[in-house]
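Heads up, the sequence shown is in the working numbering, so the first residue is 78 and it goes up one at a time. Below is one structure, written out as structure tokens; comments come after it.
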Amino acid sequence: YGFSIREKRKVSTYQLYQEASESVKAKKVLNKKSTRYALIKTLVKTLEAKDFKTKEHASRMIELSTALAKEIGLPEHRINGLVLFTQFHDIGKIGIPDSILLKPGPLNEEERLIMQKHSILGYEIAISSSELAHISDFILKHHERWDGKGYPLGISGENIPIECRILSIVDTYDAIISDRPYRKGVSSEEAIEEIKRCAGTQFDPELVEKFLSVLSSSL
Numbered sequence: 078y079g080f081s082i083r084e085k086r087k088v089s090t091y092q093l094y095q096e097a098s099e100s101v102k103a104k105k106v107l108n109k110k111s112t113r114y115a116l117i118k119t120l121v122k123t124l125e126a127k128d129f130k131t132k133e134h135a136s137r138m139i140e141l142s143t144a145l146a147k148e149i150g151l152p153e154h155r156i157n158g159l160v161l162f163t164q165f166h167d168i169g170k171i172g173i174p175d176s177i178l179l180k181p182g183p184l185n186e187e188e189r190l191i192m193q194k195h196s197i198l199g200y201e202i203a204i205s206s207s208e209l210a211h212i213s214d215f216i217l218k219h220h221e222r223w224d225g226k227g228y229p230l231g232i233s234g235e236n237i238p239i240e241c242r243i244l245s246i247v248d249t250y251d252a253i254i255s256d257r258p259y260r261k262g263v264s265s266e267e268a269i270e271e272i273k274r275c276a277g278t279q280f281d282p283e284l285v286e287k288f289l290s291v292l293s294s295s296l
């Protein structure tokens, strides 16, 4: 089941129906007993086989992104979609060569451009699936930046879906504190300083403040 509540929002009955419908879709995909879950699990396993960090990375990100979404009062149906999006934001990496995806060092310009295509590849995978189509736009835009210097569209500010702005902060934080083949992770304190430094350029500054509040209550 799924639901959406109008409360004091000026939204149409049709929009309420769409929100409830999206909530149902997300819950069906995340339900381990559903046939849809088997499909999703196959995609996850395929990505895990290509990218060693995906499983642990995704589970930590789900916890943090959900906490941040609740902190800002995101409705339940959107939190369900956010959880699904967090799991599949990097699904396009399935189409990136291992020589680039697992390279133990910085990418050159040509490799960087190939890697950036994973947002579009992920969008194409998601839009072709009825189970993931409702998060396809988030997958496309999850590397956009607050200052408009991201990719692939170069959009900025609140033109970027809030789900993408949440993920951007959480993903960066977790990447900084995690070990990689070519470097060791740093402390949470150092990661927080980097997040603060990029508030207003890479990240939504208001969301950064909320994220720091979430971290302070969990650390």
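Using N, Cα and C, we set each Cβ at its ideal position, and we do this for glycine too.
Please confirm whether residue i and residue j have their CB atoms less than 8 Å apart.
i: residue 161; j: residue 142; result: no
i: residue 284; j: residue 246; result: yes
i: residue 192; j: residue 202; result: no
i: residue 53; j: residue 197; result: The requested residue 53 is not part of the displayed model; the chain covers only 78 to 296.
i: residue 232; j: residue 250; result: no
i: residue 214; j: residue 238; result: yes
i: residue 135; j: residue 295; result: no
Put residue i into one of helix, strand or coil per three-state DSSP.
i: residue 137; result: helix
i: residue 260; result: strand
i: residue 175; result: helix
i: residue 279; result: coil
i: residue 145; result: helix
i: residue 89; result: coil
i: residue 120; result: helix
My understanding is that residue i touches residue j, with C-beta atoms under 8 Å, so please give their C-beta distance in whole angstroms.
i: residue 154; j: residue 216; result: That pair is no contact at about 18 Å.
i: residue 241; j: residue 219; result: 5 Å
i: residue 256; j: residue 138; result: That belief does not hold up - the Cβ atoms of residue 256 and residue 138 are roughly 16 Å apart, past 8 Å.
i: residue 120; j: residue 168; result: 6 Å
Can you tell me where the alpha helix (DSSP H) holding residue i begins and where it ends?
i: residue 242; result: 239–254
i: residue 180; result: Unbroken run through residue 180: none, as it is neither H nor E.
i: residue 203; result: 195–204
i: residue 265; result: 265–274
i: residue 164; result: 153–165
i: residue 282; result: 282–295
i: residue 213; result: 213–218
Taking C-alpha atoms, which residue in the options lies nearest to residue i?
i: residue 288; options: 212, 149, 252; result: 149
i: residue 164; options: 249, 172, 124, 221; result: 124
i: residue 266; options: 157, 244, 292, 235; result: 292
i: residue 290; options: 89, 146, 180, 84; result: 146
i: residue 179; options: 199, 126, 206; result: 126
i: residue 243; options: 262, 222, 88, 260; result: 222
i: residue 194; options: 171, 209, 208; result: 171
i: residue 189; options: 173, 200, 86; result: 173
i: residue 280; options: 262, 236, 224; result: 224
i: residue 277; options: 268, 262, 234, 264; result: 234
Looking at chain C, is there any beta carbon in it that lies within less than 8 Å of the beta carbon of residue i?
i: residue 147; result: Annotation note: the requested chain C is absent from the structure, which comprises a single protein chain.
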